[in-house]
Every structure is written in structure tokens, then in C-alpha cells.
Amino acid sequence: HQRMPADELALEFSRAVAEWNFFGPELVLAARRMLEHRPDAAPLWWSAARLVTAPDVLSRAYEIVDILEGQPAVEPDHDGLSVPIWAASNDTAIVLSPWTHHLDEAETTGRPVRLVCDAGHRVHSEFLPHVFKGASNRGDGPRLVELKSVEHRIEGPECPLASELLRTSAI
């Protein structure tokens, strides 16, 4: 899962939870171990937190699969540039390279920019530093962007705080 795209990783994790009917402590342990290996994967934080806090894990897992499978790719606007947000929380977003270069170029040329946060990339503010550090460690060139200073669109359900995901696994 080190090389797997983050959206795909979250989708496969959610499918595994649904198919193997994980719940309770085994779900928390599996989620923490996955996040220890891929803290940069914002969609994994999103799906893991939604699963761990779900009253009905099986239904939530299938809901997450439906949401992530239905995600269209970010398409450029005709009058500007749409830039994908890697992770967003409250008024802050993380944008990864090479999109950060497009932001610089747009700022220099005055080209309008809209940041787009697809479902699965909206994480709780407690998870955002972990995603940023993980992306930095992977060499993805993350940059924090204040959302109030740019046009933006955020899709999909929010990510609840699942404090049990922030603990370090003993195994």
C-alpha cells in the first residue's frame, strides 16, 4: 500500500472492512496500522474516522465505497484553473506539488484559481498535521493554503474526530 494512490487505498480499506465485517477493536487496530504506514493519505484518515465512529460499520463501509467510487476527476475550468486539494480542514487546505507550482504561476499571472476538495479529502483539524507531515516525509512538497483567501469548493461529508486513531499501535 506504500505506492497505492490514497483514494484507492481508502476505497480498498473500506471494501475490506465491509467484506470481512471488521468492527470494534480489530477495526481500530487495522485502521491505526494502515495510518502508521500512510499518514499522508487524507482519504484513509477520512474513511477510517468515519468507520471507527459509525454506529453501523457495515452500512458505513458500503456508503464510503459508493462515495469514493463516484468521484469524478478534477477538471480545469475554462476561465481559470481548478487545483485539487489533498486535504482540507476548517479554513486550511494542503495542496501537493506539482499543483503548488500552478498556484505560484497563477498568482504571478493573475489567473483565477479555484481549489477543489473532493469527497474523502476533508479531514478533521486534528488529523491535518499528520497528513502534512506524512506528505512531507514522502517528498510530495505539501503547502498549506488559507481557504478564505481563494475561491474553493469542498465536496462530501465531513470527517469526525476519532481520537483512537491518533494513538500509536502497540503491535
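To convert, note that position 43 of the sequence shown is 52 in our numbering; the numbers rise steadily by one, no gaps. C-beta atoms are modelled at their ideal positions from N, C-alpha and C, and glycine is treated no differently. Please read these numbers as outputs of a predicted model, since none were measured by experiment.
C-beta contact flag for Val122 and Ala115 at 7 angstroms: Here the question's residue 122 lines up with position 113 in the sequence shown. Here the question's residue 115 lines up with position 106 in the sequence shown. Yes, these two residues count as a Cβ contact at 7 angstroms.
Same chain, Cβ closer than 6 angstroms to His139, neighbours up to 5 away in sequence not counted: Translated into positions along the sequence shown, residue 139 becomes position 130. Pro48, listed in sequence order.
Three-state class that DSSP yields for Ile180 in the structure shown: Numbered from its first residue, the sequence shown carries residue 180 at position 171. Here the model assigns Ile180 a pLDDT of 49, short of 50, so the residue's position is not dependable, and the following value carries that caveat. In the structure shown, Ile180 sits in coil (DSSP, three-state: anything other than H, G, I, E or B).
For Arg47, the three-state DSSP class (helix, strand or coil): Residue mapping note: residue 47 aligns to position 38 of the sequence shown, counting from 1. Residue state, collapsed to three classes: coil.
Ile73 in three-state terms, based on DSSP: For the purposes of this step, residue 73 is taken as residue 64 along the sequence shown, with counting starting at 1. Three-state DSSP puts Ile73 in a helix.
Beta-ladder partner(s) of Glu160, from DSSP: To locate residue 160, count along the sequence shown from 1; it is residue 151. In DSSP, Glu160 forms a bridge with Arg123.
Val140 - containing alpha helix (DSSP H), residue span: The residue given as residue 140 occupies position 131 in the sequence shown. Here the alpha helix (DSSP H) through Val140 covers 137-146.
Supposed close pair Ala96, Leu156 - CB separation, criterion 8 angstroms: Here the question's residue 96 lines up with position 87 in the sequence shown. Here the question's residue 156 lines up with position 147 in the sequence shown. Incorrect: roughly 12 angstroms between the Cβ atoms, too far for contact.
N-terminal and C-terminal residue of the alpha helix (DSSP H) that Thr118 is part of: Mapped onto the sequence shown, residue 118 falls at position 109. It spans 108-118 - the alpha helix (DSSP H) in which Thr118 sits, taken as one unbroken run.
Contact set for His111: own chain, Cβ-Cβ below 7 angstroms, skip 5 residues either direction: Sequence index remark: in the sequence shown, residue 111 carries index 102 (1-based). The answer, listed in chain order, is Leu90, Val92.
Start and end residues, alpha helix (DSSP H) containing Glu167: The count along the sequence shown starts at 1 and reaches residue 167 at position 158. No alpha helix (DSSP H) holds Glu167; DSSP gives it neither H nor E.
Three-way DSSP call (helix, strand, coil) for Arg41 in this model: Numbered from 1 along the sequence shown, position 32 holds the residue referred to as residue 41. Reduced to three states, the DSSP call for Arg41 is helix.
N-terminal and C-terminal residue of the alpha helix (DSSP H) that Ala96 is part of: Numbered from its first residue, the sequence shown carries residue 96 at position 87. Here Ala96 belongs to no alpha helix (DSSP H); instead the beta strand (DSSP E) covers 96-98.
Cβ contact (3+ pairs, closer than 8 angstroms) linking the segment 161-174 and the segment 54-67: yes
DSSP bridge partner residues for Thr101 (one or two, in chain order): Taking the first residue of the sequence shown as position 1, residue 101 is located at position 92. DSSP, once it has assigned bridges, lists Ser98, Glu155 as partnering Thr101.
Collapsed DSSP secondary structure at Arg24 in the structure displayed: Mapped onto the sequence shown, residue 24 falls at position 15. If DSSP states are grouped into helix, strand and coil, Arg24 belongs with the helices.
Cα-Cα separation, Ile2 to Val66: Any question about residue 2 goes unanswered here, given that the chain covers just 10 to 180.
Exposure label - Trp29; buried when at least 16 CB within 10 Å: Against the sequence shown, residue 29 aligns to sequence position 20. With fewer than 16 Cβ atoms within 10 Å of its Cβ, Trp29 is classed as exposed.
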